[in-house]
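>
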Amino acid sequence: MSEIQLLKAQLHQVSNDARTAAGGLAGFKTKFTQSSAHVQALIAGTATGTDRDISALLDAAGKALDHAVQALEVASSGCRTYADQI
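The numbers in UniProt numbering rise by one with no breaks, and the one at position 24 of the sequence shown is 24.
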């Protein structure tokens, strides 16, 4: 197998792995969002500001998951496109 063929195969593998990881994270994000919403509902209105801190942490984590899914999808697409062009 030539080096170009090996490169293409590796790029396709990275693309598939990134797409699989994105799908797994998206599934986790759904569960995480549900759990976070439940926690936020349970702690809402506590006498301290801790509820706001926890809500902010959970919201930030949810946004980070969204960004990670998007980044993996972009990486998957980019690797696939590059592999198909060489």
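In this text, a Cβ means the ideal position worked out from N, Cα and C, and glycines have one as well.
Excluding sequence positions up to five away, which residues of its chain have a Cβ less than 8 angstroms from the Cβ of LYS29?
Looking up residue 29 in the sequence shown gives position 29. GLY62, LEU65, ASP66 and VAL69, listed in sequence order.
> With three or more C-beta pairs closer than 8 angstroms as the rule, is the segment 69-80 touching the segment 34-41?
Contact fails: fewer than three Cβ-Cβ distances are below 8 angstroms.
> In this structure, does DSSP put ALA41 in helix, strand or coil?
As a first step, residue 41 is located in the sequence shown; it is residue number 41 there, counting from the start. Looking at ALA41 - three-state DSSP - the assignment turns out to be helix.
> By the DSSP assignment, the alpha helix (DSSP H) with ILE49 in it spans what residues?
Here residue 49 refers to the residue found at position 49 of the sequence shown. Note that residue 49 is Gly in the sequence shown, not Ile. No alpha helix (DSSP H) contains GLY49, which DSSP labels as neither H nor E.
> Alpha carbon to alpha carbon, how far is ASN16 from LEU6?
Here residue 16 refers to the residue found at position 16 of the sequence shown. Here residue 6 refers to the residue found at position 6 of the sequence shown. Distance between the alpha carbons of ASN16 and LEU6 is about 15 angstroms.
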